[in-house]
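With my numbering, you'll find the sequence shown wraps up at 466, consecutive numbering, no jumps. The beta carbon of each residue, even a glycine, is placed where N, CA and C say it ideally should be. See structure below.
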Amino acid sequence: MVYMDINSAFKLFDIRGKYPQEVDERLAYSLGKSLAKFKSPKKVLVCCDTRESSPSLKEFLIDGFSNADVDVFDLGEAPMPVFNFAMTLSDYDLGVMVTASHVSDQENGFKIINPGPLPFDQKEITDVKKIISEYEDEPIVVPRKQPVKVQAIDQYVEKILELTSLDKPKIKIALDATKSAVLTTVMVIFQKIGADFHFVNSKHSGNPLLDINRQDLAKDVVETKSDLGVIWDSDGDRVVFVDRKGKLIPMSFVLGILASAAIRNNRHKKVAVDIRSGLVVRDIIEAEGGELSIYPAWNTNIKFAMKEDPEIAFGGETSGHFMFADFFAIDDGILASLKFIKEYEGGFVEEKLEDLRKKYFELPEKNVACEAKKSSAILEKLTELYRDKNYLVSIVDGLTVFGPDWKFNLRQSVTEPYLRLNLEARSQSQAEKISREIDKLING
């Protein structure tokens, strides 16, 4: 068995890394023991995504908990939204999902959830990292106590249908759930609402914002003359859309449209978004009479904000995480897809998208390879350069620069060795010009 790599695996808000070089069964077992010591839970819910390594990691995680005399309830294989929802169905003290979210199949990891459901914060992740080193050399013992099998898909589907009230949507939909844990749940829901849908035979999976992972969906949408394409990430907490031409619907447009619907359908008018969100989001929310709050990137920050402020009706990120206050502020790619379809089938959304494309151009998120140790110096350099040019600059979560009719955010990814650029301008040529300027400054 490969020895666990604690320092590489522990990230800002979760645990993930290459399997088995960084995340392995030893780490899974030790994590169960460590969480039992840290939180002293009586009841723990566990679950896993569809990665090949996930069942084995889940088994050793369960063994770690069981050997610490914790009662473990096994949800089996399910998407992250179903797991989060299941946390609300009983008095679980803790939950752990085996998943590496949107990253490649060669990686795996763990998302740890408190009751609420609320993810572990940075301090809790750091505290677990300190404890887990105590179990590095402890022998793995097969426990006598077995987990209790549970399921939540039926209750989840019932609740989602209640929240969306979709009935025979009047559009043809192509769905890409390749290697995603949403597949079974999505099939049940789309059959129940009487949708005209089909699944795409895709060779790609992972982060749906990457062009290569959408290319099979885009091709299928055009060939089958579908009206809309939908694609989820591996654990189902992200969702992305393509139009009838197979083109990505800019994430700020999706965020603005979902926020607009939430404002119209709620008595509360506050919306929480991440700092990468484009100016279009601000304009749409203000036009609906909403109140916008901006937070650092990473959906955890928005979840905490929504729990603290019950007047926030909706939260979202341009990464494809969307959270609804009337559904426990869970980032649910399935619920978000149905909410968007409900808006889209009316026809006016396509018209609105065309209008938005004339006024705003959003460059798809661009990843610039950069190790974390170099990114700070690069961000400092660019901050000074743009300040010297008298642009409005924010250094909350990387660097955000506001031009007269453009905006960009450049930040270090907390999960991968990239600087991530999100840029919005009034035209494609303007956006590409600014992007080239930033590239030169980074590499200069």
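Query: Exposed unless 16 or more other CB atoms sit within 10 angstroms - verdict on Gln434; Result: buried
Query: Assigned exposure category for Phe430 - 16 Cβ within 10 Å defines buried; Result: buried
Query: Neighbourhood of Lys171 by C-beta distance below 6 Å, restricted to the same chain and skipping five residues each side; Result: Asp96
Query: Coil, strand or helix - Met209 by DSSP; Result: helix
Query: Enclosing beta strand (DSSP E) for Asp218 [first to last residue]; Result: Asp218 to Phe221
Query: Environment of Val302 [buried if 16+ CB atoms lie within 10 Å]; Result: buried
Query: Stretch-stretch touch, CB-based, cutoff 8 Å, three pairs: the stretch 270 to 277 with the stretch 388 to 401; Result: no
Query: Residue span of the alpha helix (DSSP H) that contains Met109, given as start and end; Result: Careful: Met109 lies outside any alpha helix (DSSP H) and carries neither H nor E.
Query: Asn136 (DSSP reduced to helix, strand or coil); Result: strand
Query: Assigned secondary structure, Asn89 (DSSP; H/G/I helix, E/B strand, else coil); Result: coil
Query: Three-state secondary structure (DSSP) of Pro426; Result: coil
Query: Segment contact flag, the stretch 79 to 91 with the stretch 158 to 174, C-beta cutoff 8 Å, min 3 pairs; Result: yes
Query: Local conformation of Pro230 per DSSP, three classes; Result: coil
Query: DSSP state of Lys65 mapped onto helix, strand, coil; Result: strand
Query: Continuous beta strand (DSSP E) stretch holding Asn389: start and end; Result: Phe383 to Ala391
Query: Cβ neighbour criterion (16 or more within 10 Å) applied to Pro141; Result: buried
Query: Helix, strand or coil at Pro318 according to DSSP, with G and I counted as helix; Result: coil
Query: Lys291 vs Ser315 beta-carbon contact at 8 Å; Result: no
Query: Meets three-Cβ-pair contact criterion under 8 Å: the stretch 32 to 45 and the stretch 122 to 132; Result: yes
Query: Cutoff 7 Å; reference Tyr440; Cβ partners in own chain excluding five residues on either side; Result: Asn389, Val390, Ala391 and Cys392
Query: Ser467 burial status per 10 Å Cβ neighbour count (16 or more: buried); Result: Since the displayed the chain opens at 23 and closes at 466, residue 467 lies outside it and no answer follows.
Query: Identity of the residue in Val222, Val208 and Arg304 nearest Glu313 by Cα; Result: Arg304
Query: Ala447 - partner residues in DSSP beta bridges; Result: Phe383
Query: Distance CB(Arg236)-CB(Ser248) smaller than 8 Å; Result: no
Query: Beta-carbon proximity check, Ile182 vs Ile464, cutoff 8 Å; Result: no
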